[in-house]
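*Asks:*
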Amino acid sequence: MKWLILFAFGALCGFAGGDTLCFKEKSLECNRQLQKEILSDFSFCSLQKRVIGCLTKPAIDCDLKFKSVAEKVDSIVAKICEKGSKIYEELDRNKECITKGITDRECLEPVLNILGKGSPKEVLNVQKETCRHLDQMTKCTAEKVRSACGEEVVKYFKSLYDPAIELHQRFCEEIILPENEETFTTKRSEKTALPSFFGPLEFII
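In case it helps, mature numbering (1 follows the signal peptide of the UniProt record, and there is no 0) puts the sequence shown at residues -18 to -1, 1 to 187.
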């Protein structure tokens, strides 16, 4: 899921409706608090689980349309992080081949040509381009994991990956794609900043 890190924490949006603004403010505040804490364990079930909570909980609290999807992701993450569970053991045992699959650069091809330009407008363009190619990139990543790990392992991988992608898609539809590139500027208030949805999903184990 390396390509999910494309969505930067500090990207700034132009405007938003009430529910969307509520989500952005709560998510950014949660991330600010998390950044103040010193953690030694950066595994999925430590830091990454908490960062994902900074995205799912605001979606639930602010009653966004994809609230039920956020609740589903929370529930699945809890099961995955239950040590001794079948899915925990399978993902942990196969983390090396899964990492190989999700870090394959071929799946990033649709957006590589606009990476690295750095301006706020280009950040939004990368976000939107990733949203538009989400289905293609998702299938590519799943196939890379299948190739690296085998059919049985990919079933466990997709038990988290598919709900995460569903949430990704809803986030695209309701938060990212409606944004206006012409009003996307670094001079906007931090309260309209677009929080990082995809960074915490970079590591699933």
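We put the beta carbon where it would ideally sit given N, CA and C, even for glycine. The structure displayed is predicted, hence computed values, not measured ones.
Leaving aside the five residues before and after K126 along the sequence, list all residues of the same chain whose C-beta is less than 6 Å from its C-beta, in chain order.
*Replies:* G83, D86
*Asks:* Could you give the DSSP three-state label for E19: helix, strand or coil?
*Replies:* coil
*Asks:* If the criterion is Cβ atoms closer than 7 Å, does the pair C122 and L159 meet it?
*Replies:* no
*Asks:* By DSSP, does S25 sit in helix, in strand, or in coil?
*Replies:* coil
*Asks:* Looking only at its chain, what residues have a beta carbon closer than 7 Å to the beta carbon of K61, apart from the 5 residues adjacent to it on each side?
*Replies:* S67, I69
*Asks:* DSSP three-state call for L159: helix, strand or coil?
*Replies:* coil
*Asks:* Would you mind sorting K18 into buried or exposed? The rule is 16 or more other CB atoms within 10 Å of its CB.
*Replies:* exposed
*Asks:* By Cβ distance, which residues of its chain are closer than 8 Å to E64, with the 5 residues on each side in sequence left out?
*Replies:* Y70
*Asks:* Could you give the DSSP three-state label for E11: helix, strand or coil?
*Replies:* Collapsing the DSSP output to three states places E11 in a helix.
*Asks:* Excluding the 5 residues preceding and the 5 following I58 in the sequence, name in chain order all residues of the same chain whose CB lies nearer than 8 Å to its CB.
*Replies:* S141, L142, P145
*Asks:* Count the other CB atoms within 10 Å of the CB of S9; is the residue buried (16 or more) or exposed (fewer)?
*Replies:* buried
*Asks:* With burial defined as no fewer than 16 other Cβ atoms inside 10 Å of the residue's Cβ, what is the status of E161: buried or exposed?
*Replies:* buried
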